[in-house]
Amino acid sequence: MHAITIPEPGGPEALVWDEVPDPVPGEGEVLVEVAASAVNRADILQRQGFYNPPAGASPYPGLECSGRIAALGTGVSGWSVGDEVCALLSGGGYAEKVVVPAGQLLPVPKGVGLVQAAALPEVACTVWSNVFMIAHLRPGETLLVHGGSSGIGTMAIQLAKAVGARVAVTAGTQEKLGHCAELGADILINYREQDFVAEVMKATDGTGADVILDNMGAKYLERNVQTLAVNGRLAIIGMQGGVKGELNIGTLLTKRAAISATSLRARPLDEKAAIVAAVREHVWPLLAAGHVRPVVDRELPVADAAAAHRVVEDSKHVGKVLLVAPGA
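For the sequence shown, my numbering gives the first residue as 1, with consecutive numbering after it.
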């Protein structure tokens, strides 16, 4: 088969479409013939040499995919060859074929195309696990999403609105904020021109955000805590703004607030399977009913992964950038 390889870390040009050995499913695994994958910022870090795959994972980038089951490993039940699926991966999505633990498979939701389904697994699992399973966002509460026009952000807006929450977002342009508003965002904050702490406090009459989904890390830590409501929950899922920040424990204590920080890629298989099962139970019906949809900025051939990485690094996209396999 062919896959995107990274012979040496570097810029987008480091991504090489090359012939590699076919993967073989082991016990509890399935082989998926890939229709599409999607670009995540973790892929960019891997390309740069800063985020190696977990032990035993595929060395090729790609943390999600859609496609058709081509073969079943021993001990797999509930799936058949030919099933259209999408999957959460530890790597290997930028390829023509990939091996997936059966617990990380999802059926393509009703009403979603096979290629477009590649935009769903990583964002749905990230948002559901952090905002709902850990932070327990409830109807009537306020969720602040940093990077509201990203793949994660567009999914977070829709899921929060679907459960009856109020949503504030930050984004860097009015155009991006417009897209967030179309998805249901209530409070629109241009982080280049406005102070998100002041804007959220003003919009909530001084109460603050009950839950914050943060992709920035250190840069926003202090201000995020200031923005939290009493009993608020801060869920950190990225470190685009650095890894070391200062935290006023007194403010945290006063607000009786909680901070969590998670990633998906290196979690044990049983934890990933539990998240995937929860997403299938709670998110897939919303997709089937049309209350939530994948947001796709553009589709590019997987062999042009370098061009897709440039789009994501320029941060001019809204939603997901997909990589489509040959013949899909």
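Think of the CB as a built atom: it goes at the ideal place given N, C-alpha and C, for glycine as much as any other residue.
Is it true that the CB of residue 36 sits closer than 8 Å to the CB of residue 328? yes
To the nearest angstrom, how far is it from the Cα of residue 128 to the Cα of residue 210? 16 Å
For the pair the stretch 75–90 and the stretch 249–259, tell me if three or more CB-CB distances fall below 8 Å. no
What beta strand (DSSP E) runs, 3 residues minimum, are completely inside the stretch 61–114? 64–72, 84–88, 97–101 and 105–107
Give the DSSP-derived three-state secondary structure of residue 42 in the structure shown. helix
Indicate the three-state DSSP secondary structure (helix, strand or coil) for residue 263 in the structure shown. coil
Three-state secondary structure assigned by DSSP to residue 188: strand
Using a Cβ distance threshold of 8 Å, determine whether the stretch 227–247 contacts the stretch 89–105, with at least three qualifying pairs required. no
Given this structure, state the Cα-to-Cα distance separating residue 276 from residue 65, to the nearest angstrom. 14 Å
Alpha carbon to alpha carbon, how far is residue 247 from residue 241? Give it in angstroms, no decimals. 15 Å
Nearest residue (CA-CA) to residue 118, options 316, 318, 301 and 294: 294
Going by DSSP, which residues form a beta bridge with residue 21? Answer is none; residue 21 lacks a bridge partner.
What are the partner residues of residue 5, as DSSP defines its beta bridges? 16
Could you pull out every residue in the same chain whose Cβ sits closer than 6 Å to the Cβ of residue 265, ignoring the five residues on either side in sequence? 90
Evaluate residue 174 with the Cβ neighbour count: other Cβ atoms within 10 Å of its Cβ, from every protein chain shown; 16 or more gives buried, anything less gives exposed. exposed
Rounded distance between the beta-carbons of residue 217 and residue 191, thought under 8 Å: With a Cβ gap of about 15 Å, residue 191 and residue 217 do not count as contacting.
Taking the alpha carbon of residue 212 as the reference point, which residue from 204, 225, 16 and 206 has its own alpha carbon closest? 225
Quick one: grab the DSSP three-state call for residue 170. strand
Secondary structure, beta strand (DSSP E): runs of 3+ residues fully inside the stretch 268–323: 296–301
Buried or exposed for residue 93, going by 16 or more other Cβ atoms inside 10 Å? buried
According to DSSP, simplified to helix, strand and coil, what is residue 224? helix
Terminal residues of the alpha helix (DSSP H) in which residue 126 lies: 121–127
Excluding five sequence neighbours on each side, which residues of the same chain lie with their C-beta closer than 7 Å to the C-beta of residue 54? 90, 265 and 266
Please identify the residue among 110, 283, 320 and 204 whose C-alpha is closest to the C-alpha of residue 133. 283
Express the C-alpha separation of residue 122 and residue 197 in angstroms, rounding to a whole number. 28 Å
Element boundaries [alpha helix (DSSP H), containing residue 154]: 151–162
Residue 320 classed as buried or exposed, judged by whether at least 16 other C-beta atoms fall within 10 angstroms: buried
Take residue 186 as the anchor and find which of 214, 157, 151 and 250 has the nearest alpha-carbon. 157
Grouping DSSP H, G and I as helix and E and B as strand, with all else coil, what is residue 138? coil
The stretch 17–25 / the stretch 98–112 touching (three or more Cβ pairs under 8 Å): yes
With 16 other Cβ atoms within 10 Å as the buried cut-off, status of residue 249: exposed
Pull up the DSSP beta-bridge partners for residue 146, would you. 170
So the candidates are 120, 262 and 199; which of them puts its Cα closest to the Cα of residue 135? 262
Taking only heavy atoms of the ligand COA into account, decide whether any of them is closer than 7 Å to the Cβ of residue 165. Here there are no bound small molecules, and the ligand COA is not part of this structure.
Using the beta-carbon count (16 or more within 10 Å), is residue 290 buried or exposed? exposed
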